[in-house]
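S.K.: Shown below is the structure under consideration.
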Amino acid sequence: PYDEAELSRGDRLALSPEEIEDLARRGHVIASHTRNHTTASPAFDRDLSPGALAREVAGSKHTLEDFAGRPVRALAWRE
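Counting from 1, position 70 in the sequence shown corresponds to residue 66 in the working numbering; the numbering is continuous, with no gaps.
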């Protein structure tokens, strides 16, 4: 977790679609995450349904595939 108030002007927490495309073109592994930083850990999002979990994971994967222009086969899971 982070506090947006602590970010300096100009700080970023994510890559742009163009940066993702460039990394993929240069051969980097592009790993999916989740759309909203949800997790299946019991400490977080205890009410996350299986369908909502699938949307979180698949949605992120499909968006990154659109940006990268190739399949995304890795998942970086937040515990």
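Glycine is no exception: its CB is placed at the ideal position from the N, C-alpha and C atoms. Since the model is a prediction, treat every value here as computed from it, not as a measurement.
Along the chain, where does the alpha helix (DSSP H) containing residue 18 start, and where does it finish?
M.R.: Numbered from its first residue, the sequence shown carries residue 18 at position 22. Taken as a continuous stretch (DSSP letters only), the alpha helix (DSSP H) holding residue 18 covers 13 to 21.
S.K.: Can the beta-carbon of residue 12 be found closer than 7 Å to that of residue 31?
M.R.: One-based indexing of the sequence shown puts residue 12 at position 16. One-based indexing of the sequence shown puts residue 31 at position 35. No, the Cβ-Cβ distance between residue 12 and residue 31 is not below 7 Å.
S.K.: Do you know offhand how far residue 46's Cα is from residue 73's?
M.R.: Reading the sequence shown from its first residue, position 50 is the one you call residue 46. Reading the sequence shown from its first residue, position 77 is the one you call residue 73. Using only the alpha carbons, I get a separation of about 16 Å.
S.K.: Closest to residue 62 by C-alpha separation, out of 4, 18, 50, would be which residue?
M.R.: Against the sequence shown, residue 62 aligns to sequence position 66. Closest by alpha carbon: 18.
S.K.: Which of the three DSSP states, helix, strand or coil, is assigned to residue 56?
M.R.: Counting from one through the sequence shown, the residue named residue 56 turns up at place 60. Helix.
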